[in-house]
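Inspection log for the structure reproduced underneath, given as structure tokens.
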Amino acid sequence: MPNKYQIEFSKLSQKNGLNVLWHKKPNAWYVDLSNTTRGTIAKELARNILGGTLLQGNIEGYDIFVNDQKIQVKTSSLQLRNEYPVLSWKQIRPNDPYTHILFIAVYPSDVRMFLVPRNDIPFSDLHQSHGGKRTSAKIYNIETRKTDELFSWMTKHELL
0 MPNKYQIEFS KLSQKNGLNV LWHKKPNAWY VDLSNTTRGT IAKELARNIL GGTLLQGNIE
60 GYDIFVNDQK IQVKTSSLQL RNEYPVLSWK QIRPNDPYTH ILFIAVYPSD VRMFLVPRND
120 IPFSDLHQSH GGKRTSAKIY NIETRKTDEL FSWMTKHELL
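Here it is in structure tokens:
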């Protein structure tokens with residue numbers, strides 16, 4: 000039997016919406032994982048779908064090598080921010096030597112994938128984030144509240 004603290008804590012979870020979005024959904028297991036584990040699963044999914052060779056540790060600046068394509072894998076799961084659904088892909092590095100980025104969007108009951116060539120990514124329109132104190136490299140984040148339509152430069156490359 001839960002104590003009164005657990006009951007109040009659960010109410011806060013429901014109020015903040017995460018329970019509503021993910022509760023009893025097929026992909027709910029994913030959102031409770033660490034970011035590192037999520038990344039590992041995304042890379043395994045990408046390799047299972049695209050084939051190729053999965054590189055360990057991303058030392059090369061990309062995650063999978065398929066034929067002539069050097070693919071960086073980025074994942075985002077649907078979340079609420081200020082009560083709005085948001086997808087956010089982080090740490091997009093334009094100086095890495097990938098030829099494509101595979102953007103994976105994880106929804107409570109669905110997964111979408113977009114294999115976007117580097118030249119189709121509008122870096123000049125993206126939000127630049129800080130690279131930390133140890134680097135001057137440009138790093139970008141991609142974020143949208145349009146979680147169904149996303150971006151035209153992305154959706155035209157959706158893997159169906």
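Numbering (numbering that gives the first Met the number 0), first residue to last: 0 to 159. Beta carbons are placed, not taken as given, at the ideal position from N, Cα and C, and that holds for glycine.
Within the model, the alpha-carbon separation for R80 versus S108 is close to 19 Å. Per the C-alpha coordinates, the member of K89, F102 and V105 positioned closest to I138 is K89. DSSP places D109 in the strand class (E or B) of the three-state scheme. Inclusion of A41 and I103 in the CB contact set at 8 Å is warranted, their separation being smaller than that value. When only Cα atoms are considered, K155 and F113 end up about 8 Å apart. Membership of T35 in any beta strand (DSSP E) is not indicated; the residue belongs instead to the alpha helix (DSSP H) covering N34 to L49. Taking the Cβ atoms as the reference, Y106 lies roughly 7 Å from N26, within the contact range of under 8 Å. Of the residues P96, R111 and N140, the one whose Cα lies closest to the Cα of D124 is N140. Closest option to M153, judged by alpha-carbon separation, among Q127, R117 and L44: R117.
If you look at T98, you'll find it isn't in any beta strand (DSSP E); DSSP assigns it neither H nor E. Restricting attention to R111, K23, N94 and Y61, the CA atom closest to the CA of I48 is found in R111. Going by DSSP, S151 is part of no beta strand (DSSP E) but of the alpha helix (DSSP H) stretching over S151 to T154. When beta bridges are read from the DSSP output, Q127 appears opposite Y139. The C-beta separation of I58 from H99 comes to about 18 Å, leaving the pair out of contact by the 8 Å criterion.
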